[in-house]
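J.: So that we are looking at the same thing, I have put the structure below in structure tokens.
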Amino acid sequence: KNEVEQSPQNLTAQEGEFITINCSYSVGISALHWLQQHPGGGIVSLFMLSSGKKKHGRLIATINIQEKHSSLHITASHPRDSAVYICAARFNNDMRFGAGTRLTVKP
Amino acid sequence: SAVISQKPSRDICQRGTSLTIQCQVDSQVTMMFWYRQQPGQSLTLIATANQGSEATYESGFVIDKFPISRPNLTFSTLTVSNMSPEDSSIYLCSVVWRDEQYFGPGTRLTVT
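Chain order of the listed sequences is A and B. Quick note on our numbering: the first sequence kicks off at 2 and runs consecutively. Quick note on our numbering: the second sequence kicks off at 4 and runs consecutively.
Written out as structure tokens, the structure reads:
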């Protein structure tokens with residue numbers, strides 16, 4: 002069983018919709034990352050969280066340490082948001098990755 | 004932030020040959036990581052490369068197949084040796100800098 006579980010696996014949305022991607026992990030972590038991977042393969046780090054909430058533009062990431070759960074929200078989604086979003090949890094010096102959520106935003 | 008570049012960005016190689024992937028960082032970093040992402044899969048750590056010491060390989064990965072060099076604090080190479088079609092993947096270099104993890108643009112390898 003993967004220690005980092007993401008849902009949904011695939012998500013299709015209409016432009017403008019509010020999107021939520023969820024991530025759960027099974028053990029205590031030192032930090033949680035949300036990553037974005039575009040079709041070319043390169044990965045961009047969107048957020049690193051150890052508590053609370055962070056916002057960058059239309060992206061919001063939250064984490065609940067007690068519930069071992071994090072969410073990534075995208076407001077006013079746009080076709081350029083189409084990508085794979087990966088949750089990654091850092092356990093000391095180990096990074097464990099979720100399977101990713103493939104988001105497609107249709108115009 | 005730390006900016007990472009990788010070369011080549013993509014390559015198509017023949018079975019049995021080897022490919023060396025380069026990773027360059029614009030900041031000095033202690034820890035560098037090499038990941039593999041097979042088609043449709045998430046990232047799998049191949050090894051951790053710290054300057055001045057031997058790379059540490061994860062279970063299922065061996066030095067003869069994936070030799071790594073780390074000559075200084077800004078550069079590393081990963082060689083994929085004696086390639087087979089199963090080695091077709093994206094290979095990603097990653098670093099930890101100021102407690103944040105950064106990823107390179109990836110090298111997309113296809114083995115025919």
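All C-beta atoms, glycine included, are put in the ideal place defined by N, C-alpha and C. Please read all numbers here as calculations on a predicted model, not as lab measurements.
(1) Mind reading off the beta-carbon distance from residue 21(A) to residue 107(A)? Whole number of angstroms is fine, and I expect it under 8 angstroms.
(2) For my contact list, residue 9(B) and residue 110(B) are in at a C-beta cut-off of 8 angstroms; report their separation, rounded to the angstrom.
(3) With a threshold of 7 angstroms between beta carbons, is residue 108(B) in contact with chain A?
(4) I want to verify the contact list: residues of chain A whose CB lies under 7 angstroms from the CB of residue 93(B), in sequence order.
(5) Please determine, among 99(B), 59(B), 47(B), the residue with the shortest C-alpha to C-alpha distance to residue 29(B).
(6) For residue 108(B), which three-state DSSP category applies?
(7) Against chain A, with Cβ distances strictly below 7 angstroms, would residue 111(B) count as a contact?
(8) Measure from the alpha carbon of residue 60(A) to the alpha carbon of each residue in 95(A), 6(A), 86(A), then state which is nearest.
(9) Within 10 Å of its beta-carbon, does residue 45(A) have 16 or more other beta-carbons around it, so buried, or fewer, so exposed?
(10) Determine the DSSP secondary structure at residue 82(A), reduced to helix, strand or coil.
(11) Measuring straight from C-alpha to C-alpha, what distance separates residue 105(A) and residue 55(B)?
(12) So with CB distances below 7 angstroms, who are the chain A contacts of residue 45(B)?
(13) Does the pairing of the stretch 96-104 of chain A with the stretch 12-21 of chain B give three or more beta-carbon distances under 8 angstroms?
(14) From residue 19(B) to residue 67(B), what does the alpha carbon distance come to, in whole angstroms?
(15) Compare the C-alpha of residue 74(B) against each of 85(B), 65(B), 58(B) and name the closest.
(16) Buried or exposed: where does residue 40(A) fall if 16 or more other Cβ atoms within 10 Å of its Cβ makes it buried?
(17) Chain A beta carbons: is any one of them nearer than 7 angstroms to that of residue 61(B)?
(18) For residue 103(B), which three-state DSSP category applies?
(19) From residue 26(B) to residue 72(A), what does the alpha carbon distance come to, in whole angstroms?
(20) Strictly below 7 angstroms CB to CB, what residues from chain A border residue 116(B)?
(21) Under the DSSP definition of a beta bridge, which residues are partnered with residue 39(B)?
T.: To lay it out plainly:
(1) Position 20 of the first sequence, counted from the start, is the residue given in the question as residue 21(A). Position 106 of the first sequence, counted from the start, is the residue given in the question as residue 107(A). About 17 angstroms separates the two Cβ atoms, so there is no contact after all.
(2) Numbered from its first residue, the second sequence carries residue 9(B) at position 6. Numbered from its first residue, the second sequence carries residue 110(B) at position 107. That belief holds up - the Cβ atoms of residue 9(B) and residue 110(B) are roughly 5 angstroms apart, short of 8 angstroms.
(3) Start at 1 with the first residue of the second sequence, and residue 108(B) comes out as number 105. Interface residue, yes.
(4) Looking up residue 93(B) in the second sequence gives position 90. Going along chain A in sequence order, the residues near residue 93(B) (Cβ under 7 angstroms) are 42.
(5) Against the second sequence, residue 29(B) aligns to sequence position 26. Measuring from the Cα of residue 29(B), the nearest candidate turns out to be 99(B).
(6) Counting from one through the second sequence, the residue named residue 108(B) turns up at place 105. Looking at residue 108(B) - three-state DSSP - the assignment turns out to be coil, as it is neither helix nor strand.
(7) The residue you call residue 111(B) lines up with position 108 of the second sequence. Taking Cβ atoms only, chain A reaches closer than 7 angstroms to residue 111(B), which makes this a yes.
(8) Here residue 60(A) is taken as the residue at index 59 of the first sequence, counted from 1. Among 95(A), 6(A), 86(A), the Cα nearest to that of residue 60(A) belongs to 86(A).
(9) Here residue 45(A) refers to the residue found at position 44 of the first sequence. Under this definition residue 45(A) is an exposed residue.
(10) Numbered from its first residue, the first sequence carries residue 82(A) at position 81. Of the three classes helix, strand and coil, the one that applies to residue 82(A) here is helix, per DSSP.
(11) As a position in the first sequence, residue 105(A) is number 104, starting the count at 1. As a position in the second sequence, residue 55(B) is number 52, starting the count at 1. Their Cα atoms are separated by approximately 44 angstroms.
(12) Locating residue 45(B) in the second sequence gives position 42, where the first residue counts as 1. Near residue 45(B) (Cβ distances below 7 angstroms), the residues of chain A are 87, 98, 99, 100, 101.
(13) No: fewer than three Cβ pairs fall under 8 angstroms.
(14) For this step, residue 19(B) is matched to residue 16 along the second sequence. For this step, residue 67(B) is matched to residue 64 along the second sequence. Going from the Cα of residue 19(B) to the Cα of residue 67(B) covers about 14 angstroms.
(15) Within the second sequence, residue 74(B) is the residue found at index 71, counting from 1. Residue 74(B) has its Cα closest to that of 58(B), out of 85(B), 65(B), 58(B).
(16) Residue mapping note: residue 40(A) aligns to position 39 of the first sequence, counting from 1. Exposed, by the Cβ-count rule.
(17) Here residue 61(B) is taken as the residue at index 58 of the second sequence, counted from 1. Judged by the 7 angstroms Cβ criterion, residue 61(B) is not in contact with chain A.
(18) In the second sequence, residue 103(B) corresponds to position 100, counting from 1. In this structure, residue 103(B) counts as strand in the three-state DSSP scheme.
(19) Along the second sequence, read from residue 1 onward, the residue named residue 26(B) stands at position 23. Along the first sequence, read from residue 1 onward, the residue named residue 72(A) stands at position 71. Taking the straight line joining both Cα atoms gives about 31 angstroms.
(20) One cannot answer for residue 116(B) here, as it falls past the ends of chain B, which runs 4 to 115.
(21) Looking up residue 39(B) in the second sequence gives position 36. In DSSP, residue 39(B) forms a bridge with 47(B), 94(B).
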